[in-house]
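Participant:
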Amino acid sequence: MWEYEKVVARLQQLFDEVESADEDVAVGDRCSESEDDNLSLKFFIGKDSTTKWRRPPLSHKVKRKPQNIVRFKPGVTKKAANGKSPLDAWKLFFPDSVIDELVQCTNIYIKIIRNKYTRDRDAKETNQAEIKALMGLLLLAGVLRSSHQNDADLWTKDGTGRELFRTVLSLKRFEFLLRVIRFDDVHDREIRKKTDKIIAIRKMFD
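Residues in the sequence shown are numbered consecutively from 1402, following our numbering.
(1) Per DSSP, F1444 forms a beta bridge with which residues?
(2) Is the separation between the beta-carbon of Y1518 and that of V1587 shorter than 8 Å?
(3) State whether the segment 1492-1503 contacts the segment 1547-1564, with contact taken as three or more CB pairs (one from each stretch) at a distance under 8 Å.
(4) Expressed to the nearest angstrom, what Euclidean distance is found between the alpha-carbon atoms of C1432 and I1470?
(5) Please state whether DSSP places S1498 in a helix, a strand or coil.
(6) Tell me, please, whether the segment 1546-1559 touches the segment 1518-1529 by the rule of three or more beta-carbon pairs shorter than 8 Å.
(7) What does the Cβ neighbour count give for V1463, buried or exposed, with the cut at 16 atoms within 10 Å?
(8) Suppose contacts are defined by Cβ-Cβ distances below 8 Å. Is V1569 in contact with L1538 by that definition?
(9) Quick check on the burial criterion: 16 or more other C-beta atoms within 10 angstroms. Buried or exposed for I1602?
(10) In chain order, which continuous runs of the alpha helix (DSSP H) of length 4 or greater are located wholly inside the segment 1507-1541?
(11) Apply the 10 Å Cβ neighbour rule to T1596 and answer buried if 16 or more other Cβ atoms are within range, or exposed otherwise.
(12) Tell me the residue span of the alpha helix (DSSP H) that contains F1584.
(13) Under a Cβ-count criterion, where at least 16 other Cβ atoms within 10 Å of its own Cβ denotes burial, should I1532 be classed as buried or exposed?
(14) Can you give the Cα-Cα distance for L1488 and K1594, rounded to whole angstroms?
(15) For L1572, which option in D1585, K1558, F1584 has the closest C-alpha, if you only look at C-alpha atoms?
(16) Under three-state DSSP, which class holds I1599?
(17) Might you give, ordered along the chain, the residues of its own chain that have their beta carbon closer than 8 Å to the beta carbon of T1452, omitting 5 neighbours on each side?
(18) Look at L1545 and L1578 and say whether their C-beta atoms are less than 8 Å apart.
(19) Count the other CB atoms, across all protein chains shown, that sit within 10 Å of the CB of R1583; report buried if there are 16 or more and exposed otherwise.
(20) Grouping DSSP H, G and I as helix and E and B as strand, with all else coil, what is I1592?
(21) Mind reading off the beta-carbon distance from D1585 to K1598? Whole number of angstroms is fine, and I expect it under 8 Å.
(22) Alpha carbon to alpha carbon, how far is A1490 from G1543? Give it in angstroms, no decimals.
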């Protein structure tokens, strides 16, 4: 009797193992079918479960939509396209006509305050080359991230300054030009200010 029960238990164990194996095969078949279905699709679903990524590449023979056709040359346009150097690019923002206006307005103001200086050379009039030099140094200071640095530190000769600054302008002349540079005629500014609050710099933006 005992032997009979052992045989039955053994047969039941074998039956359970066979049934479990059949279930694994069925699950594997379903996974394979699911993978085949995915392969038949023309797109993948992204990790966000929303974005669709196309499986086959787009055909190059399809006619492009008008809004997707680039009808202009990439890059800078109009006058900027003719620039060949950094100086050419700079002149697009500050042409000689603007520089001449700065020189004229600045010299008007220098003449007004000249009597405050004991020596004429300390308040001599400026010119186009000097104004360009001034603006170039200001631009360079920005490039070097020295805009918040003390002016004297840029002109120092102890090795920590910038030799180019000393070569272009003296520190005294640089600071003088910064104080006197004007963008309009100060003689009639008050009259024009009644109709335009930014008249002092209006010509730079017109």
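Built from N, CA and C at the ideal position, the CB exists for glycine as well. The structure presented is a predicted model; accordingly, all values stated were derived computationally and were not measured.
Facilitator: Taking the structure as given:
(1) R1455
(2) no
(3) no
(4) No answer about C1432 holds up, because its pLDDT of 46 lies below 50 and its placement is not dependable.
(5) helix
(6) no
(7) exposed
(8) yes
(9) exposed
(10) none
(11) exposed
(12) Element bounds for F1584: n/a, residue is neither H nor E.
(13) buried
(14) 34 Å
(15) K1558
(16) coil
(17) I1446
(18) no
(19) buried
(20) helix
(21) Contact doesn't hold; Cβ gap of about 13 Å is too wide.
(22) 17 Å
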